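Undergrad:
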Ligand SMILES: Cc1cc2nc3c(=O)[nH]c(=O)nc-3n(C[C@H](O)[C@H](O)[C@H](O)COP(=O)(O)OP(=O)(O)OC[C@H]3O[C@@H](n4cnc5c(N)ncnc54)[C@H](O)[C@@H]3O)c2cc1C
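Residue numbers (my numbering): 3 to 397.
1. Got a sec? Which residues, its chain only, sit under 7 Å from residue 397 by beta carbon, not counting five neighbours each side?
2. Report back the beta-carbon spacing between residue 12 and residue 149 to the nearest angstrom; my notes put them in contact at under 8 Å.
3. Output the distance between the C-alpha atoms of residue 25 and residue 197, rounded to the nearest integer angstrom.
4. From residue 400 to residue 345, what distance separates their C-alpha atoms?
5. Just the C-alpha distance for residue 84 and residue 185, rounded to the nearest angstrom, thanks.
6. Taking the Cβ atom as the reference point for each residue, do residue 216 and residue 234 lie within a distance shorter than 8 Å?
7. State yes or no: is the C-beta of residue 29 within less than 8 Å of the C-beta of residue 135?
8. For ligand 3, any of its heavy atoms closer than 7 Å to the Cβ of residue 68?
9. Considering residue 140, what are the terminal residues of the beta strand (DSSP E) in which it resides?
10. Can you check whether the CB of residue 137 is closer than 8 Å to the CB of residue 94?
11. Within its chain, find whatever has a CB closer than 6 Å to the CB of residue 356; leave out the 5 residues flanking it on each side and keep chain order.
12. Would you kindly check if the distance between the Cβ of residue 242 and the Cβ of residue 181 is under 8 Å?
13. Please determine, among 207, 264, 16, 353, the residue with the shortest C-alpha to C-alpha distance to residue 97.
14. Quick check on the burial criterion: 16 or more other C-beta atoms within 10 angstroms. Buried or exposed for residue 107?
15. Beta-carbon within less than 6 Å of residue 191's beta-carbon, same chain only, minus the 5 sequence neighbours each way: which residues are those?
16. Just to check my reading of the structure: residue 187 and residue 37 have Cβ atoms closer than 8 Å, yes? What is that Cβ distance to the nearest angstrom?
17. Determine contact between the region 263 to 275 and the region 154 to 168, defined as no fewer than three beta-carbon pairs at a distance below 8 Å.
18. Taking the DSSP output, what are the residues bridged to residue 201?
19. Compute the distance between the beta-carbons of residue 101 and residue 173, then report whether it is under 8 Å.
20. Would DSSP call residue 307 helix, strand or coil?
21. For residue 352 versus residue 285, is the C-beta spacing smaller than 8 Å?
22. Taking the Cβ atom as the reference point for each residue, do residue 269 and residue 146 lie within a distance shorter than 8 Å?
23. Roughly how many angstroms lie between the CA atoms of residue 394 and residue 202, to the nearest whole one?
24. Is it right to say residue 290 is buried, meaning 16 or more other beta carbons lie within 10 angstroms of its own, or is it exposed?
25. Take residue 195 as the anchor and find which of 205, 251, 366, 224 has the nearest alpha-carbon.
26. For a test of your reading of the model: does the CB of residue 288 fall under 7 Å from any non-hydrogen atom of ligand 1? Yes or no.
27. Based on DSSP bridge pairs, tell me the residues matched to residue 265.
28. Measure the alpha-carbon distance for residue 304 versus residue 80 and round it to whole angstroms.
29. Can you look up residue 371 in the DSSP assignment and give me helix, strand or coil?
30. Check residue 318 in the structure and name its three-state DSSP category.
31. Pop quiz: residue 220 and residue 170 are said to be a contact at Cβ under 8 Å. What is the actual Cβ separation, rounded to whole angstroms?
32. Can you give me the C-alpha to C-alpha distance between residue 133 and residue 333, rounded to a whole angstrom?
33. Just checking, does the region 242 to 262 make contact with the region 39 to 48 on the three C-beta pairs under 8 Å criterion?
34. Cβ-heavy atom distance between residue 35 and ligand 1 below 7 Å?
35. Relative to the alpha-carbon of residue 311, which residue among 130, 280, 211 has its alpha-carbon at the smallest distance?
36. Is residue 275 close to ligand 1? I mean its beta-carbon at under 7 Å from any heavy atom of the ligand.
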């Protein structure tokens with residue numbers, strides 16, 4: 003039996019980050035990944051804010067492909083609302099490279115990495131956890147961290163709560179585009195991407211390569227593939243997608259509605275496994291890393307104190323919740339409003355925003371990681387938006 007202080011399931015960015023943080027304190031850390039290679043398959047559009055780089059010690063130039071200054075939001079009837087454009091609001095990263103760099107750093111700090119090692123079972127046994135992997139390894143650890151993505155086995159095995167919903171995503175890397183490299187194109191509407199939105203993100207500074215994709219509600223009548231092929235033919239997106247070549251397909255699930263409980267004795271869950279994802283954009287890298295920083299802090303304290311009780315590990319839940327919990331909670335409230343908007347209402351609001359020239363407000367207060375910061379200034383400028391509030395307050 004192989005013995006570790008900590009075993010981490012899932013070598014995505016979040017598992018890799020937590021592993022590195024704990025290993026640098028000289029604890030014995032094992033990181034298990036079911037795939038053969040780190041960073042593939044890619045299930046991500048790769049749009050992040052520069053805050054992500056506050057957590058990880060990777061030179062931006064190694065992974066950043068492009069800088070984004072604004073967005074064009076295309077309404078269901080084809081109106082276009084321009085927001086931003088003034089400064090860099092987001093970065094486009096090569097997600098495969100990003101994951102590989104995080105894991106490389108983690109390994110340099112002492113993490114032992116097991117590839118092609120699917121964790122099949124986890125069993126609590128007195129004051130430790132025993133794992134079995136597809137490589138027939140028997141592992142014993144004091145602390146188990148589930149960073150195993152949207153359909154986390156660790157979350158289910160230890161009966162932690164479930165995300166509220168799972169969006170279904172699909173996308174592709176495309177070349178031969180002729181788009182504005184400074185802007186992402188966002189398309190909304192029930193026929194485009196029911197319950198969420200579609201995107202085209204320029205991945206180079208020339209506007210000749212991009213990532214196109216969309217997410218839909220889990221209960222949508224048709225498959226993501228259906229909407230994706232329609233997206234390439236829609237009148238509004240066609241000018242951006244005509245004659246493009248698809249070089250790679252991506253897919254994936256976005257869990258929304260952060261878990262009510264992310265710990266139990268000897269176990270923590272983090273990242274997508276805990277649905278620590280922004281409900282308004284589906285972005286989980288920044289929020290996941292933020293929560294991962296609390297996860298590693300408490301894991302280290304638990305190891306130093308040799309205390310793996312549920313009572314002690316609860317500190318992790320309290321810390322991440324105090325930091326980003328309210329934002330994620332409000333995000334779910336905005337999402338509820340957004341999901342219930344008809345195409346007609348979306349058109350109406352987009353038109354209203356266009357007329358009110360809210361670009362300035364969005365440029366000043368807009369923050370992809372903290373969309374709630376925009377609410378007060380927007381309501382001040384557009385009091386009629388208050389009509390939407392009763393549905394939030396009812397909750
Ligand atoms: C279509 C789409 C677009 C997205 N776009 C963005 C974006 O633009 N910006 C952004 O910030 N976020 C985006 N996200 C979300 C982002 O990809 C996730 O939030 C992020 O990957 C979470 O990282 P993680 O490490 O928690 O989980 P993951 O990246 O899912 O990593 C989990 C790892 O665990 C492994 N694993 C699972 N089970 C086991 C097991 N039993 N044994 C061993 N290994 C296991 C998996 O193979 C995987 O490597 C997008 C997601 C989708 C689906």
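Beta carbons are placed, not taken as given, at the ideal position from N, Cα and C, and that holds for glycine.
None of these values were measured; they are calculated from a predicted model.
TA: Here's the rundown:
1. Annotation note: pLDDT 43 at residue 397 (below 50); position unreliable, no value reported.
2. 4 Å
3. 41 Å
4. No answer is possible for residue 400: the residues shown for the chain start at 3 and end at 397.
5. 9 Å
6. no
7. no
8. Ligand 3 is absent from the structure shown, which contains only ligand 1.
9. 140 to 148
10. no
11. 83
12. yes
13. 16
14. buried
15. 78, 345
16. That pair is no contact at about 31 Å.
17. yes
18. 188, 215
19. no
20. helix
21. no
22. yes
23. Low confidence applies to residue 394: its pLDDT is 45, below 50, so where it sits in the model is not reliable enough to give any reading.
24. buried
25. 224
26. yes
27. 270
28. 54 Å
29. coil
30. helix
31. 6 Å
32. 35 Å
33. yes
34. yes
35. 130
36. yes
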